Each structure stands twice: as structure tokens, then as C-alpha cells.
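See structure below.
4 protein chains.
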Amino acid sequence: MRKLNVAMIGYKFMGKAHSNAWRQVSKFFDTPFEPIMKTICGRNEEEVKQAADAFGWQEHSTSWQQVIERKDIDIIDICTPGDTHMEIAIAAAEAKKTVFCEKPLANTLAESEKMLEAVKRNNVIHMICHNYRRVPAITLAKQLISEGRIGDLYHYRGTYLQDWIVDPQFPRVWRLEKAKAGSGALGDIASHSIDLSRYLVGEITEVAGMMKTFITERPLPEDKNKMAPVDVDDAALSLCKFENGAVGSIEASRFATGRKNYNHFEINGSKGSIAFDLERMNELELYIEEGPNSGFRRVQVTDAAHPFIAGWWPPGHIIGYEHSFTHTVLDLLKAVDEQKVPTPNFEDGVRNQRVLDAIEKASASRQWETV
Amino acid sequence: MRKLNVAMIGYKFMGKAHSNAWRQVSKFFDTPFEPIMKTICGRNEEEVKQAADAFGWQEHSTSWQQVIERKDIDIIDICTPGDTHMEIAIAAAEAKKTVFCEKPLANTLAESEKMLEAVKRNNVIHMICHNYRRVPAITLAKQLISEGRIGDLYHYRGTYLQDWIVDPQFPRVWRLEKAKAGSGALGDIASHSIDLSRYLVGEITEVAGMMKTFITERPLPEDKNKMAPVDVDDAALSLCKFENGAVGSIEASRFATGRKNYNHFEINGSKGSIAFDLERMNELELYIEEGPNSGFRRVQVTDAAHPFIAGWWPPGHIIGYEHSFTHTVLDLLKAVDEQKVPTPNFEDGVRNQRVLDAIEKASASRQWETV
Amino acid sequence: MRKLNVAMIGYKFMGKAHSNAWRQVSKFFDTPFEPIMKTICGRNEEEVKQAADAFGWQEHSTSWQQVIERKDIDIIDICTPGDTHMEIAIAAAEAKKTVFCEKPLANTLAESEKMLEAVKRNNVIHMICHNYRRVPAITLAKQLISEGRIGDLYHYRGTYLQDWIVDPQFPRVWRLEKAKAGSGALGDIASHSIDLSRYLVGEITEVAGMMKTFITERPLPEDKNKMAPVDVDDAALSLCKFENGAVGSIEASRFATGRKNYNHFEINGSKGSIAFDLERMNELELYIEEGPNSGFRRVQVTDAAHPFIAGWWPPGHIIGYEHSFTHTVLDLLKAVDEQKVPTPNFEDGVRNQRVLDAIEKASASRQWETV
Amino acid sequence: MRKLNVAMIGYKFMGKAHSNAWRQVSKFFDTPFEPIMKTICGRNEEEVKQAADAFGWQEHSTSWQQVIERKDIDIIDICTPGDTHMEIAIAAAEAKKTVFCEKPLANTLAESEKMLEAVKRNNVIHMICHNYRRVPAITLAKQLISEGRIGDLYHYRGTYLQDWIVDPQFPRVWRLEKAKAGSGALGDIASHSIDLSRYLVGEITEVAGMMKTFITERPLPEDKNKMAPVDVDDAALSLCKFENGAVGSIEASRFATGRKNYNHFEINGSKGSIAFDLERMNELELYIEEGPNSGFRRVQVTDAAHPFIAGWWPPGHIIGYEHSFTHTVLDLLKAVDEQKVPTPNFEDGVRNQRVLDAIEKASASRQWETV
């Protein structure tokens, strides 16, 4: 099999998830290339070395610049915090690498636009890792909508709820600092809900919004006796209008006690409805209007006929969260083979950022804002 | 037992539900008075006569004015469309009757304020029939919140979804005419969600909003070949801020295919969460944070220790929608006995209307509006 | 409207439920007769008087014999404990009354056979109150099965689970005495599961079984310091074969902690499946095989097109447990009008008893037994 | 890290699942050894070569005897059909290898007893792959039961339902031939339910049973026009008694239309209950009796404090079916390190077979049989 050499920048949660995807994809799917996990890169040598061993990378490095310069590297996979994406991605594009970047594309719209410009100018393959598009149940939802099975779309109702910072003693980690994280629940999880709405419903044209910080100061991680301000949102809520006439609400919170990773949406159309919950990601709730004996049905999206499932197990044998990444790199490898830019790509990243930006603006202006 | 004579104005869906409540309440509960179903009143004599027979009223009348003048009537129960509430309620108040009025209190804020003023001036007992407050699971939710079981409140997420007008051929009935109905989904069902938020969370201070009409003209009921405009909202969405710092979203739609009477809310607090769905009204989803083995539990609110249940059946034997009205008139009878104004009353009706009004204003102004 | 005079013997839990049915049926349905709640009968005069008032009976009596002798009584409704059914029912039949009898028909097969013989010989209308057949969702299940929607039947899996005697300190009430109750979980609740299996699947021909008493002595209700033996089953389990080739399991327990009134069944056929849970009695889980996007759908059996629902409320507005009785007396009134014996009747009662009997025998013989 | 060389015999569904476990275990867990995927063995050279490539084995072989003779092999992993287990396992034991064997241990009790004798005589580490014991939710269930959280155990209710052969045109594959498969639903899936009952409740002492074949002949896989008999059970049902006084029912079917991999159990104890469904394997339904506001709670078994989860993802990010195998080989590696026989082992395999045997006997004798 032809091979493609991958270099990963970053090695935390997303590094672990992406590594697993690269390691597994050819074991379960016919890939046009075998991805070679060449090198992993991070600033802390000890930690990145450990990650290389743990995740199965051949080498490690502490200089992303050097990694990008390497002739033998085909794909740069960016898993670092958002404030570093732009520099790395532009350098990778200029080195003519395929660029695969974790979401959000960047911390600001301006940065993300520069990144898009760079990949276009350099004519390289680019992809943003909105992995949930390739949860089989969500891909199936897309198929059903495209086939017109639920008719004209009226409503999108997206809620992404977590509860990991409800405790006021939870420390002021970097994700709660605007300078590093850009925003709170908005960029971290509402962005997923926005991406799914764009994927499944269409482009958002206008938004109203509200951002709320419930706990405005927290102890520092390094010293529990010192308090520091929280300057990002604990929760972000918005209303939105879609180009095609549908209306939506998108809500993200890290203060929804009991909700662990409740990335939920419901779409209502003229002929039916679809609902999904990431905590039960192998299921799709599907309603097809066909008279009094209709009802929301729980489709187990585990059949070989369902998207991506043929690579896995028999019906009723569920797959895990991590395989949304496996499916994403599968399609990236196919895109490289076909030399076509896959979706979602940097264009999607920019459009997502525009919506985030508009929500933030609307929250401040207390008015509806155009995206 | 002491008796109280009731007169009901109106005899359609709500007339049927209220009649059942009056007929049943003393059969299942110790009431301070036996309510006597004296007379029912409506404009169409034939229909109101039929209703009197069907629902068990002793007499019928076509003049609500005459009914209100009767000395032997103690309670006036108003079940007519919203545009007639004010006139009847004020007349009843001035005749010193106890006034029980279906929601919404009126079609406009101005009217509802006059009604409140009238009942106060005449010092009569008044109550608005927001019956869902007395669904046992919701009353239990209120108790749990009041006891601090879910801690400080952060989120209210209310959705009231139906689908009865999704079909574009569904006729332009009076509920779809602004002149008669005041508004669409907003006044009809969002008002319930607002009342529950006020009951369970607190007062709303500011709102953003959007109202949407998906199908802007429909055939006339009386002539399917003639089309008429729909000038009320098919869906109404809003974001809101509460006095106590909680944030909320309230969404109502008649275009949510597959949702029949999905009056759902979720409340997240610092120690736990509560969720409820009217379609499964005998259950309360309750989450109490107590470590990794916590989880949303399905409380069957059918135990004698639960609100109102002692009057009914053993655990696990569910009750129906109509008994939310039975419980409401039970508490009205007790209020008459104690000569105290119960809740929710016309004050609540006015406050509810203020929120509806603000949402409508915000939808037009495209800005946040103060309630 | 023509009238029929009803006399009820017994006034406890079932008396309350039946009374409500008689009181309500003509308020929600077009009945061929108006049932007049003439008299209620019980041994304790004070209590029966109270029940007459509470439930709405015109008179009361302490002699069922006198009641049966009354010329003006048309229907005898038997709600007493099982050991008294035979005597009352036979007397009623001989007095040419319509006989309506709570389940189980009697405490023994021999008694129930005599009762059947009596109603046949006297050519009177007879009905047994297996009320769950007229839960709309179950009636719908029957329709779907009859229409062949789930194909040939393979499996019936019935479990009726409660937990009201899990506490070993719960007293040794009469229901835990074989002499009075006949059996424990078997006759009380497995009998419901058996009736539903006969209604929905067909006749049972053979059974294996096991009866188990977990707590073999308990304090007396009247003196907590004295213990008395429990000689009925806390749980009864059986396997069964149906005439039509289907196989089944039926399990009833009063020791299923957390299950309040979990009367659940699942039926698997060649084209689909049906599942039902009494705690969510307004829903039917329906699976129709139609490829990978099939799934168990939650049908809300609240549409006017569904059995019995047209009498009640709009879609999504649920009804309660008690209306299974209302629907039963509705059909009894129709049967009287048509002078046809309705189902389920004493024949069904006898057949049910034969199955109970066979399970008890199989439990003792440790062998399969023919019904 | 120390290394252990693994050889796998067999390469179909289970071969794929086991391979993945060997490949992944050290990537997510601290293992005492790194397992080296040395060689995979099967009769068809072309297919086994392909499997070696696809699953990541260094070598392949067509002779299991030669593989077992290799000095450098430490672990023999047996994934072949049941009729070949004995010969391979005994040879492996005699060659002093660690033996890891797919369930059922063998097709007959006699064979499984010989296998147990061989591993004991040769004093080697042995394990049977009842992988479901290491689904985190099930391991958690075991912990909760062991801690007495649900009190004394009363009921085990196990149903393992699938529907893959409902279509009568589904061919007569080897799994439907008694000579090759031993039995049908009984050995294939009821055996899982039995293992879980033994793990969670205790030893089974007596059983009653029934085995049913709904479709008694089917087309041959190789020639759809020729029919061949089905001589294994499509469904197997049993009642059972446990040593500790609990009672149980175990039911397995391949004819439960709509149930894909519904391995479900419910356990009722004196203080609470537990329910589990493999199709939602990241959840445990837990009921703890604590008064009227108790309820079955849905525990998301995805917290770092839960069994095995610390190796995976943050709360609410679910894992898939395949990791039950990963956890099993993790514990096997630890057992090798500690030189202790892990559970479940061949002893469990034998005991499981005794129950299967007794059910088959009871089905034929139409009597209860002692295990």
C-alpha cells in the first residue's frame, strides 16, 4: 500500500484521539494510503516523548518548524490550543503539506481568514476536524435530510451541555482565560453545535445572543489560595435564522449539572423530525409522519448499510466516541488520493467563526447581528 | 357539606376539562365545599344545551350577563376565547363573584391589567388556570427547588412543541387570526412555559425574541378554495434573563413534527437538575449530584407522599391530563374557604402577559427588551 | 336516554375504580344507556355509607342478597375479594342480572367453572373486568396484531413487577394468606399478564413454573409483635407454549424493588414487535421491520383515531389508569344493548384460572403441565 | 517494557475483536507486558494472510500445531469454532502456554471438563473470554452488588435477544447445525446471560427449560434451491434457582424482531435494583430505595472513577463494544504478571457448560434438572 507520513503537533486530549485514529484507520477500512505515524511534536520534551511512546509515533520533536520543513512529511495534523493554529497552519500550507486542523480553526475570525487564504493560495488539501459530522448517526441524519425524508426544514434546536466546572472550587485553568481560549462554552462546544447546524440545515444569516459567566473568579490551579478572574462565558445562548427560512436555537453550557457530554439536537421538518444525543451516539431518533401510529423511532445506527459501519461490528454492537476521528481521517486520506478538498475544511472553519463572532457581537450589542 | 354554586362561561375544550374538574374534585378529595355545577353559558343555545347535558350542568344560558347577575352563583369560571375575558371578568368581579379564568388572562397586557385592577378593587378571590402548576410532578419540582435540593438555579430551558398545523392544508381557523387569538404559539403555549419558569425559577427581567410564520396563507375552514392570510406566529423563540441570575430559553412551536404536546423543561442548578415532559406527566427526571454513580432518575410521581396523589391510586397507577384541572379547582375551593387569593392569580396573569409582550416587542425591535 | 341501574358489591380499591367508571362513562362517550349508580353494598355499614357518599351512589346496603333480589337492579358489579365471587355471581345470574365481576373470577378453578355454568344456564350477559385489555395502547396492539402488522407470533414475554412488600416489616395482610387470597403474585398480577397473552397471542397449552416466597413470616397487621406465616408466593415465574406455536415467559413479583406497577410485555413476530409498559400506558413501542432505518418507535396512543381516545383529549394529552375501567363499562353497556356477551367474559375467567392452576401444579410437580 | 508473544488461532469475527484488543491495550493502559502480535493461524492460507495484514499480525500460519510448538510463543488465543477448542487448548496447555479461549469453552460439557483438567495438570494460566464481565457498567454492577448497595438478591432476569435469522430465507449456515455449533441461541448467547448471572448473582443449582426451533428447514448457503434441516434452537428459555435463594429467568432468542444485540438483565435486591442493556453499554440503570423520590437512574459509566474508564476519554464520551475485549486482555496480562489464574477461567467455562447442559436436559425431560 502507498504510504503517507503524518506529523502531529500537540499531544493532549485531542492528540490522543487523533493518534488513535491514525493508528486504527487502516485496520478497519480500505484506505488508499497507509498513514505512517512519523513524528509527534510538542514543547515539553519529556512529555512529548512519553506521548510518542504511548500513542505509537516513531519519533518526537520539540520544534514544529523543523517538523514542517521535513521533506518526508505529507500531512501536518494540528492539535494544539487555538491561539497557535494560525502560525502552524500557514507554515504548513506554505511548505505544501496537507493540513488537518482541530477546531476551532483559530481563536479569532481574522486569524481563521488568513489560514483559509494560505491554504487556498498554496493549493493544498485542508480539513478541519469537526469530528461529529462522521458519527455514523449524524452522517445518516445528513443522508435522510438530503433525500428529503423529513421534508422542508423548520427548526434546529441544538444544546451542548456539560457540567465539569459547576463546582466553584474548580480551578481557573487556561480554558477559562480569554487570552488563551478565545471564549468559553461558545468556542469550545457551541462551535460543534453550529457546525452541525451548518452541515444539516444550512447557512446561518442572523443571530441574537447572550453569554453568561456564573462564577466570575476561581482559585488558580497552581495555588488554591489565590483567586483569579474568569473572563470567558460559562454558558452561551443564541437564536438564529437560516438562509433557507428555518429558525434555530443554540445553547451551550458548562453548568448543566448531570449533563456530561450532552451534544443534542433536534431538527423538525415538514415530513418528519430527527433527534440525536452524543451520549447515545449509536442511535438516531427518527420520526416519519405516516399517520396516528407514527412515533419517534430509535434507529440503532449499527447496520452494515449505515455510514462507516461496514468497517466495524455486527448490528447492535456499538462503537465509541473515538471513531468519529477514525472516520474523519479515513475521508481525509481519500481526499488526498483524489486530490480534492474534503469537507469540513478551512472554509467551514471560517464560516463557523463568523457565527461565533456574530453571537459574541450580538451578546454585547444586545441586538440581532448579521453573520 | 357546604356548597358553592359554579357558573361556567364557555363550553369547548377548556369547558370540557373544567367541567370534569368540578364534577370530580369532591369524589377524590376532601373539599371544604361541594361545588354545584349550576349553569353553563354560551352564545349558541343548541350547543350549550348539549354541553350542559354532556358535562353534567344543571342549567344552561345564552347570556353571561344574566348568569353573573344571579345571586345564587358563587364562582364564575371563564373558558371563552381570550378576547372576551376582560369584559366577563370585570363584570364578575363587580358582582363580587369569585373569578376563575382560563389562561391567557387576556389578549393584551392592557386588558389584563384592567382585570387585575377590577378584582383587587372589588376584593374578590381570583385565580388564573395555569393548570400545569398542579401536575403532581411539577408541584414536586417546585418543592424540591424550594428545599434547595438542586441548589442555586442557573438554567431554565423550556420548549413547548406541537405539530397540529404542519400540514399547509390545515385551515385558517380562528386561532391563526391575530384579531381573535392575539398571537399564535406565543400566547397559546409559550405562555405555559413562561408561567412554569416564573413558578419554578423566578421573575424574568429581559428578553430577546423571534416570531416566525412558516405558512403565511391557508384555506378558509368554510371554503377550502379560498386562501386567507395567517398573521400569527407558528413558532416563537426567546432568550431570557431572570432576576436571580439564571438564564433561560423558551421556545414554542406548532411546527415540530412528531411532537404532540411536548411541554418540556429542564432546570439546572448547582446541586442537581430537573427535567419534565408533559407527555410523560407522571414522571420527573431528577438528578442529584452525589459523585460518579449519580444519574438522571425517573421518579414516578405516583406515591401517596407526592403532591395530590393521596386522592388517587396506588404507586405506579398513573393519572391523566385532566386532573391538573381537578387539583386547580381543589385549591381554589380551599382558597375560598380561607378567603385568601390563591396562586397563580390575576397578578400572575399580568406578569405573564408582560413577558409575552416583551417577546413580541423584542421580536419587532430586534433588540433585548426589558419586561 | 335509557337507563340501567347498577348495584356494586364491594367498595375498596376496585370499588373506587369501578364507581368512577360508572360515573364518568356517559360524560365522555355516547352510551346506549345511562348507568344509574343505584346502590353500593358492603358488610360494614359505616364504611359502605361513607363509600356511597364518596363515590356517588344513591343508596347503600349491607346485604348483597337483598340487593340482588331488587327488581330495579339491572347490573351487579362484583368488587369483593375472590373468595366471595362465586356465591354472589351465581345468585346474580339466577336473578337474571347482568353480571360484571372483578378478576380473578374466583380463587379456584372449580368455583370459576360453576360461575360460568351459572351465567350460561341463566343466559345472562357476563363480563370479567380484565381492564387492561381496554387500555388504548393495548387495544391498539390487538388491532395491529389482528391486521398482521407484526406477522406470525414467536414470543410473548410478560413481566408484572411491583415492590410493595419488599420490606420484611410489611405486615401479613389478607393478601398474603392463602385461605383468603388463593395465591400471591400469581393470582393477583400474573393473572393480568396471562389474560393479555391470551388476548394478544392465543391460548396457552402447557406451562412450567416456579413459585417463591422470600419472606416466610411477617408481623400481624393488628399486632406488630406477633409473627404469622406467609403461605402465598411473593413471586411466580413460568414458561409457556401457545397453541399457535409461539413460546412465552410470564413472571410476576412483588419483590422487584423500584418497579411500582410495571406490567410489561413484549411480543415478537415475523414482521415486527410490540412492547408495552403500564407505567407509561399511553405509549406503545412498535417495531415494523423495514430495513436498516427501522427502530422501536414510541407511538403516543392519544390520537382520536386510536381506540377510545375520541372521547377524551387532543393528541399528546394523556389519560390515566382509571379509564381502562371506563372503557370496560362502556363496552359492557354496548353489550347489554346488543344483548351479546362481550369479551373478556366468564369463559375467559375460567381459561385464565386453568393457566394459573397449571402453573401452581407445575411448580409443585416440577414438571411441565398441560393447561 | 517486557514483551509477551501472542499467537491467535482463528481469524473471523472474534479474531478481529481479539486482534484489536491486543493491538490497543498498551496504548490506553499501563500493561505489565507489551503484547507482541506474533502470528495468526487458520486453515485457509489466503484468508489468514489477509487477516494478518488487516489485523496487524507479524506472521501467519496454517498449522496450529506448529504454532503451539514454537518456543517464543507465550500466549495461545483460541478464536476458532467451538468444536475445535478442546484439541487446541489441551495441546497449548501441554506446551505450557498461557491459554486464552473464546466462549463457549467447548461444545460439550465432557470436552470442557477435559480442557479444565489439562490446564490444571499443566499448571498454566487460563482464561475464558466472557468479555461482557469487563464492560465497565457491568463491572460497576458487580462492585455495587459486592458492596451490598442493592441488598439481598431476589431476582435475575436475563434476556439476550437478536433477530438475524428471522427471515426464513436466511441460509442454513454452520451456526444452525448442531454437529458444528453444539446448539443455537443457547450456547451462543444464553451462555453470556448465564455467565453474567453467575458473576453477579451466584451459582445456579436447578433449571427448567424449553428450546424452540421456529423455522425447521432453510436453504443451503451454497445452493438456495436446496433445503436443509435446522437442528439447533432458535430460542431457549429457562427458569432457574440460585444457591443463595434468588430466582431467575434466562431467555435467548434469534427471533426477536427489532432486537439487534439486546443483552439485557435486571437484578432486584432488597435495597435496590440494577438493569443493563448491551445496546446502551455505557449506561447502568440503578435504583436505590430511598423513599418516594427514588427512581431508576441512568448512570453514565464514563467517569474516570469507574472501572477501566481512566484509560479512555472524559465523562460522557462513550466507548465501544470492542473494548470489553481490551479490558479482558488487560487483566489477562496482569494475571500473567502475577502468575495467578484470572476470572473467568476454564472453571467458569465448565460451570457455564453445566448450566447449558442442564437446560438442554430439562428441555428434553420436561422436568426441573439439577445443575
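Protein chains in written order, with our numbering: chain S, 1 to 371; chain H, 372 to 742; chain V, 743 to 1113; chain L, 1114 to 1484.
In this text, a Cβ means the ideal position worked out from N, Cα and C, and glycines have one as well.
Everything numeric in this text was worked out from a predicted model, so none of it was measured.
To the nearest angstrom, how far is the alpha carbon of residue i from that of residue j?
i       : j       : result
H:P715  : H:L704  : 14 Å
H:I447  : H:K711  : 17 Å
S:R218  : S:A228  : 6 Å
S:D348  : S:K103  : 10 Å
H:S562  : H:R725  : 10 Å
S:Q58   : L:E1398 : 43 Å
V:E776  : L:F1409 : 44 Å
V:V1011 : V:D975  : One detail in the question is off: residue 1011 of chain V reads as Gly in this sequence, not Val. Each residue's Cα considered, the two are about 32 Å apart.
S:V48   : L:V1138 : 20 Å
S:S112  : S:G187  : 13 Å
S:A7    : S:A91   : 14 Å
L:F1141 : S:A54   : 8 Å
So for residue i, helix, strand or coil by DSSP?
i       : result
L:G1219 : The amino acid at residue 1219 of chain L is misidentified as Gly; the sequence shows Ala. The answer is coil: DSSP assigns L:A1219 none of H, G, I, E or B.
V:H1006 : strand
V:H868  : strand
V:Q904  : coil
L:R1479 : coil
V:H897  : strand
S:P35   : strand
S:Q50   : helix
S:T98   : strand
V:K745  : strand
S:H317  : coil
V:E737  : Residue 737 of chain V lies beyond the residue range present for chain V, which begins at 743 and ends at 1113; the question has no answer from this structure.
S:D77   : strand
H:M486  : helix
V:Q1095 : helix
Applying the 10 Å Cβ sphere with the 16-neighbour rule, what's the burial state of residue i?
i       : result
V:K983  : buried
V:R744  : exposed
V:A860  : buried
H:I492  : Just to set this straight, residue 492 of chain H is Arg in the shown sequence, not Ile. Its Cβ having fewer than 16 others within 10 Å, H:R492 is exposed.
H:K468  : buried
V:W916  : exposed
H:K597  : exposed
V:D1099 : buried
S:E222  : exposed
In this structure, what does DSSP give as the bridge partners for residue i?
i       : result
H:L608  : H:M581, H:E622
S:S273  : S:N268, S:Y287
L:P1332 : L:M1340
S:H60   : S:I40
H:M379  : H:I411, H:D448
Subject >> Near-chain H residues of the region 1436-1465 of chain L - C-beta to any C-beta below 8 Å >> reply: none
Original post:
What residues from the region 1014-1029 of chain V come within 7 Å of chain S, judged by C-beta to C-beta, listed N to C?
Top reply: L1028
Original post:
For the region 1418-1431 of chain L, which residues have a beta carbon sitting closer than 7 Å to at least one beta carbon of chain H?
Top reply: A1418, H1419
Subject >> Where the region 136-168 of chain S meets chain H: residues whose CB sits under 9 Å from a CB there >> reply: I150, G151, D152, Y154, H155, R157, T159, L161, D163, V166, D167, P168
Original post:
If contact means a Cβ-Cβ distance below 9 Å, which residues of the region 1167-1190 of chain L contact chain S?
Top reply: A1167, F1168, G1169
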